[in-house]
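Numbering of the sequence shown is given in the numbering used here, commencing with residue 130 and proceeding in unit increments. Every residue gets a Cβ at the ideal spot worked out from N, C-alpha and C, and that includes glycine. Remarks on the structure that follows.
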Amino acid sequence: MADTIIRNATIIDGTGADRFVGDVAVDDGHITEVGETSGSAAAEIDATGLVLAPGFVDVHTHDDGALLRHPDMEFKISQGCTSVVVGNCGFSAIPAVPGEPTLDLSGMRAEWRDLDGYRQNVEKSKTAVNAMMLVGHNTIRSLEMGGDRRPPSDAELERMCDHVQLAMEQGACGFSSGLIYRPGRWSDTEEVLELAKVVAPYDGIYATHMRNENDYLLEAVDEALEIGDRAGVAVQISHHKAAGKRNWGKVKDSLAKVDAAVADGARVTLDVYPYTAGSGPMVQYFDIDNPNPELAKAIQLASCPAYRQYEGRMLIDVAEELEISVTEAVRHILTAPEGKSTICIQHIMDEGDIVSNLRHDRVMIGSDGIPDLTGKPHPRLFGTFPRVLGRYVREQGVLGLESAVRRMTSLSCDVHGLHNRGRITEGNWADLVLFDPDLVTDIATYEDPKRESAGIRNVWVNGQLAFQESLHTQIGAGKVLSYRKH
Ligand code: ZN
Ligand code: CU
């Protein structure tokens with residue numbers, strides 16, 4: 130007898146193939162039958178009218194710390210996500226020094242040194258979702274060189290390469306950079322190239338938050354493609370966007386660049402989140418001595434430990450209330466105690482560029498959510514996947530449901546090496562989501578961002594029921610995965 134049979138589901142198998150109606154049986158963590166099932170199961174579900182898809186993979190996350198701090202991962206499970214890729218934008222929880230804060234965005238106290246140690250800690254905490262690791266450039270550079278604004282010595286570069294190699298040995302899927310952030314921005318192309326080369330023998334990926342996403346977007350794409358080409362690795366362009374009104378529309382040009390490179394034999398894929406605002410550590414976006422007023426006017430405060438009362442508000446309104454200029458308000462926030470921990474939201478993108486991204490068949494979905502649950506996080510943390518399915522598939526018809534699911538599942542798993550996942554096929558791990566295609570939608574907004582989405586019925590992780598009708602089962606079946614292995 131199987132553990133679970135889901136009957137009469139509309140199956141979208143993750144490959145992009147057309148939907149069909151059938152049953153899926155799950156036993157011992159795996160999919161054992163697809164189509165017609167024989168026999169019975171301990172749990173049987175009638176899924177008439179509902180879509181059964183492979184569990185969604187959030188390919189761009191900063192959940193390294195959240196897997197330990199919030200093992201229920203309710204903000205991901207409730208979207209139908211069963212796996213997350215961590216260590217993005219050059220910030221990863223590994224490597225770390227035990228007892229010291231990690232050099233990722235969570236800054237939690239590390240009880241590990243490397244990926245093996247991190248894996249043990251996460252699995253002990255019984256986390257709800259699977260995770261795949263990228264090792265981050267900012268992290269290894271901080272570890273070996275602090276915040277120094279200079280090229281590494283040969284010895285430093287060698288130690289940085291060793292960190293990348295160890296992570297790859299222990300199952301990371303690749304190396305990530307965040308070249309707008311300190312200290313990564315102090316590196317030149319050659320430094321990043323040397324580190325990217327280390328992942329080549331593992332056929333890992335180079336995931337990049339590029340050096341520029343506004344006036345020099347196209348030049349930054351060139352740098353990413355050059356690194357991929359010279360290192361001989363696949364490139365993943367993170368949260369593809371064109372920021373700032375004068376750059377809106379450029380996404381089409383950079384997609385054309387990617388298409389040309391792919392036609393030439395390069396391996397390049399991208400990810401996008403379906404919102405016109407970005408988010409990140411505020412201190413990283415401003416020169417405190419000379420804050421950019423244009424950007425300052427586009428800032429909303431997400432979490433602001435110094436002034437909780439400002440959370441959720443536009444900086445320009447705070448400035449007006451304080452009777453100071455908006456650039457003075459930037460300084461006021463960032464120089465306050467704990468000001469450097471402020472997370473902001475920047476309203477700087479164009480809806481048309483989101484649509485261009487979503488229409489492109491090499492673009493996957495990644496939330497880029499920052500799981501600081503104390504303030505008012507960007508709504509992408511809770512809403513990304515249902516928003517694509519509701520707003521862009523059902524309401525606007527920007528892309529088809531099968532195509533959207535493929536770019537949340539099989540493509541994501543193939544590129545990031547989630548082995549035997551991302552497709553509904555016999556023998557694969559039973560990471561599954563059952564949702565109502567007529568109802569699925571995001572509920573989280575900038576004003577009220579910590580709202581779980583609607584229309585997600587059931588979620589299974591490694592064959593175990595993690596979520597049912599808005600109830601989190603707390604089964605904790607997630608694993609830290611190894612690239613192309615398990
Ligand atoms: Zn980023
Ligand atoms: Cu990111």
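On the premise that residue j lies in contact with residue i, defined as a C-beta separation below 8 Å, what is that separation, rounded to the nearest angstrom?
| i | j | result |
| --- | --- | --- |
| Ala-360 | Leu-322 | 6 Å |
| Met-262 | Val-327 | Rounded, the Cβ-Cβ distance is 15 Å, inconsistent with contact. |
| Phe-304 | Val-264 | 6 Å |
| Gly-498 | Thr-190 | 6 Å |
| Arg-136 | Glu-173 | 6 Å |
| Leu-324 | Asn-267 | Not confirmed; about 11 Å, so no contact. |
| Leu-234 | Pro-410 | 7 Å |
Pick out whichever of the options has its Cα sitting closest to the Cα of residue i.
| i | options | result |
| --- | --- | --- |
| Val-153 | Ala-171, Gly-143, Gly-145 and Thr-133 | Thr-133 |
| Ser-616 | Asp-393, Glu-229 and Phe-204 | Outside the displayed range of the chain (130 to 615) lies residue 616, so it cannot be described from this structure. |
| Asp-543 | Met-493, Leu-568, Gly-592 and Gly-504 | Met-493 |
| Gly-378 | Ala-284, Glu-555, Gly-307 and Ile-483 | Ile-483 |
| Asp-277 | Ile-417, Tyr-310 and Lys-370 | Tyr-310 |
| Ala-533 | Asn-137, Thr-144, Asn-419 and Glu-285 | Thr-144 |
| Ala-583 | Leu-600, Thr-574, Pro-515 and Thr-554 | Pro-515 |
| Val-188 | Gln-603, Ser-541, Leu-324 and Arg-552 | Ser-541 |
| Val-522 | Val-569, Ile-499 and Lys-505 | Val-569 |
| Gln-438 | Gly-504, Cys-473 and Asn-137 | Gly-504 |
| His-489 | Asp-418, Val-527 and Ser-207 | Val-527 |
| Asn-343 | Val-362, Val-364, His-368 and Ala-363 | His-368 |
| Asp-175 | Asp-351, Val-350 and Phe-564 | Phe-564 |
| Ala-435 | Gly-300, Arg-520, Thr-464 and Gln-365 | Thr-464 |
| Arg-242 | Gln-597, Ala-296, His-548 and Gln-525 | Ala-296 |
| Ala-573 | Arg-520, Gln-597 and Lys-608 | Arg-520 |
| Arg-288 | Gln-429, Gln-597 and Pro-224 | Pro-224 |
| Glu-348 | Ala-448, Ala-363 and Lys-386 | Lys-386 |
| Cys-218 | Tyr-575, Gln-597 and Ile-269 | Ile-269 |
| Gly-468 | Arg-491, Ile-445, Glu-452 and Ile-417 | Ile-417 |
What number of angstroms, rounded off, separates the C-alpha of residue i from the C-alpha of residue j?
| i | j | result |
| --- | --- | --- |
| Asn-587 | Lys-253 | 24 Å |
| Arg-442 | Ala-427 | 11 Å |
| Pro-616 | Glu-320 | No statement about residue 616 is possible, as the shown extent of the chain runs from 130 to 615 and does not include it. |
| Gly-151 | Gly-164 | 5 Å |
| His-461 | Asn-259 | 40 Å |
| Glu-531 | Asp-283 | 49 Å |
| Gln-593 | Ala-606 | 7 Å |
| Thr-513 | Ser-454 | 34 Å |
| Ser-169 | Glu-555 | 17 Å |
| His-615 | Ile-160 | 15 Å |
| Asp-567 | His-199 | 30 Å |
| Ala-171 | Met-130 | 7 Å |
| Thr-139 | Leu-308 | 43 Å |
| Asp-201 | Ala-595 | 9 Å |
| Lys-255 | Ile-604 | 8 Å |
| Gly-495 | Met-274 | 30 Å |
| Ser-539 | Leu-487 | 16 Å |
| Glu-480 | Ala-329 | 36 Å |
| Asp-142 | Val-213 | 19 Å |
| Ala-431 | Thr-318 | 32 Å |
| Ser-316 | Asp-147 | 46 Å |
| Glu-203 | His-601 | 7 Å |
| Ile-585 | Met-478 | 28 Å |
| Glu-598 | Ala-389 | 45 Å |
| Ser-485 | Lys-381 | 7 Å |
Does the beta carbon of residue i fall short of 7 Å from some heavy atom of ligand 2?
| i | result |
| --- | --- |
| His-191 | yes |
| Asp-501 | no |
| His-507 | no |
| His-266 | no |
| His-615 | no |
| His-545 | no |
| Asp-400 | no |
| His-338 | yes |
Answer yes or no: the CB of residue i versus the heavy atoms of ligand 1, is any distance below 7 Å?
| i | result |
| --- | --- |
| Cys-473 | no |
| Cys-302 | no |
| Asp-156 | no |
| Asn-217 | yes |
| Ser-367 | yes |
| Gly-194 | no |
| Gly-178 | no |
| Asp-233 | no |
| Gly-307 | yes |
| His-601 | no |
| Asp-497 | yes |
Taking 7 Å as the cut-off, is the CB of residue i close to at least one heavy atom of ligand 4?
| i | result |
| --- | --- |
| Asp-187 | You won't find ligand 4 in this model; what it holds is ligand 1 and ligand 2. |
request  = Could you say if the stretch 181-192 and the stretch 558-573 meet the contact criterion of at least three C-beta pairs nearer than 8 Å?
outcome  = yes
message = I'd like to know if the stretch 387-400 and the stretch 499-512 are in contact, where contact means that at least 3 CB-CB pairs between them fall below 8 Å.
response = no
query = Below 8 Å, can you find three or more Cβ-Cβ pairs linking the stretch 337-353 to the stretch 235-253?
reply = no
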